[in-house]
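The structure appears right after this line, and notes come after that.
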Amino acid sequence: MKSEFAVSHEVAKLIASAAKHKNHPRFRQAVAHYCDSMSQPAPEGWPIWKLLNQFSRYFATYLLIHNYVAWEQYGEAHPTAAVLQKQSGLSPRQTVNLVNALKAGRLVTVESLGSDRRVKFLRPSPEIIREIGRSMLAYIQAEGILTGEPLRAGQVARDPDLLADVICHCARFVRVHGTVIHPFPTILSLASRDCGYLLLVTLMAAHYRRLEGRSPITLSTNALAKRYDTSSSHVANVLRGLRDSGDFSTDRYGFLEHLSADFVDEFETWSACEMLHYTALADAAVARGAARPYRHLLKETMAG
463 MKSEFAVSHE VAKLIASAAK HKNHPRFRQA VAHYCDSMSQ PAPEGWPIWK LLNQFSRYFA
523 TYLLIHNYVA WEQYGEAHPT AAVLQKQSGL SPRQTVNLVN ALKAGRLVTV ESLGSDRRVK
583 FLRPSPEIIR EIGRSMLAYI QAEGILTGEP LRAGQVARDP DLLADVICHC ARFVRVHGTV
643 IHPFPTILSL ASRDCGYLLL VTLMAAHYRR LEGRSPITLS TNALAKRYDT SSSHVANVLR
703 GLRDSGDFST DRYGFLEHLS ADFVDEFETW SACEMLHYTA LADAAVARGA ARPYRHLLKE
763 TMAG
């Protein structure tokens, strides 16, 4: 599936570098580690994955974090709901519904500006920062497998300030150069569907497990719906599309039988881009030394 999206110079450089990255002898081991990490069953409790397992809602929440950090650390506009509505790509009502859902899950709080109590801004919690940064962290960890430098990922994982700063500068990159995902139409199409990205990484995890002779993952509709606490109809629709395109099939036991070479290659190129991109952003965040607006919240969360 060829993308017709115009690729910026910076994204094109990432794609060119990714082609070389894929030749590393530990590359597939690193991507398999990413897929295993991202395909863990949904956590118990408030259904955060169900809310964020679709690209537009994920992206709007990612912008919410960017807006807060850009204001808190870099003096940009107040991170209000009105600002988010203009940026999110969702309708105003959808943005309000998303913010309300995040508030209900205690993932975002609405606070008043000290200098002007009329200004209400959105503050993301450490938990939502970790969740939005989960894929970023997993790709940074994967890059650590290639480079033999795993400490960077641990440092960012322990410090929500650093992770929030990575998210903020990733959003700035998107603002100037465009997204890294748009040149990868299959990835974008799946990520845009409810639970589509989770299913994508699960299929790839199953692919690598088969190559490595590890225990398989059951890919039946019901098993995947239960695994990710999502609707079986969403799962069925995504898998049906992949079967109809000839990209995917299972055997009679529900285990992976076929994943097309083009599908695997697109995912691996995308993954190489993400590994390079997020690691560079993490290195820059560590070098800058982010401010610490979340430090007390992190301690409270860890104590609880």
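Numbering of the sequence shown is given in this note's numbering, commencing with residue 463 and proceeding in unit increments.
Cβ atoms here follow ideal geometry from the backbone N, Cα and C, with glycine treated the same way.
Bear in mind that the values here come from a model prediction, so they are computed numbers and not experimental data.
With a contact defined as Cβ atoms closer than 8 Å, L569 and R519 miss out at about 12 Å.
Per the C-alpha coordinates, the member of A481, I643, A668 and R620 positioned closest to H495 is A668.
Taking C-beta atoms as the reference points, V700 and L665 fail to come closer than 7 Å.
Counted as a single uninterrupted DSSP element, the beta strand (DSSP E) harbouring V570 occupies residues V570 to L575. Residue burial is scored here from C-beta neighbours: T648 has at least 16 other C-beta atoms within 10 angstroms and is therefore classed as buried. The region 504 to 516 makes contact with the region 565 to 579; the number of CB pairs closer than 8 Å reaches 3 or more. Boundaries for V642: no alpha helix (DSSP H) harbours it, and the DSSP string shows neither H nor E there.
If only complete runs of 4 or more residues are kept, the region 525 to 554 shows the alpha helix (DSSP H) at 543 to 549, in order along the chain. When beta bridges are read from the DSSP output, P509 appears opposite no residue.
For E472, the enclosing alpha helix (DSSP H) has its first and last residue at H471 to H483. Excluding residues up to 5 positions away in sequence, Y601 and V642 lie with their Cβ nearer than 7 Å to the Cβ of E736 in the same chain. According to the DSSP secondary-structure assignment, D578 is paired through a beta bridge with L575.
As for any beta strand (DSSP E) of minimum length 3 sitting wholly inside the region 657 to 727, the runs are 710 to 712 and 718 to 721, ordered along the chain. Under the DSSP assignment, H495 falls in the alpha helix (DSSP H) whose first and last residues are F489 to M500. V581 is classed as exposed because its beta carbon has fewer than 16 other beta carbons within 10 Å across all chains shown. Cβ neighbours of H631 within its own chain (closer than 6 Å, five residues either side excluded): L743. Residues A653 and S654 of the same chain have their beta carbon placed closer than 6 Å to that of F517, with the five preceding and five following residues left out of the count.
With 16 or more neighbouring CB atoms inside 10 Å of its own CB, G595 falls in the buried class. In the displayed model, P503 falls within coil according to three-state DSSP, outside both helix and strand. At a Cβ-Cβ threshold of 7 Å, L608 and A492 count as neighbours. Straight-line measurement puts the Cα of A474 at about 28 Å from the Cα of R592. Secondary structure note for Q516: it is in no alpha helix (DSSP H), with a DSSP letter that is neither H nor E. Cβ atoms of L681 and T712 come within 8 Å of each other, at about 5 Å. The Cβ neighbour count for A539, taken over all protein chains shown within 10 Å, is under 16; the residue is labelled exposed.
Sorting D627, G751 and S587 by C-alpha distance to the C-alpha of Y740 places D627 at the top. A distance of 7 Å or more separates the beta carbons of V618 and M500.
Look at R620 here: in three-state DSSP terms it is helix. Here the C-alpha atom of E573 lies approximately 45 Å from the C-alpha atom of D727. R655 sits in coil when the DSSP states are folded into three classes, being neither helix nor strand. A buried status is given to N529, since no fewer than 16 other beta-carbon atoms sit within 10 Å of its beta-carbon. E589: member of the alpha helix (DSSP H) spanning P588 to I594, first to last residue.
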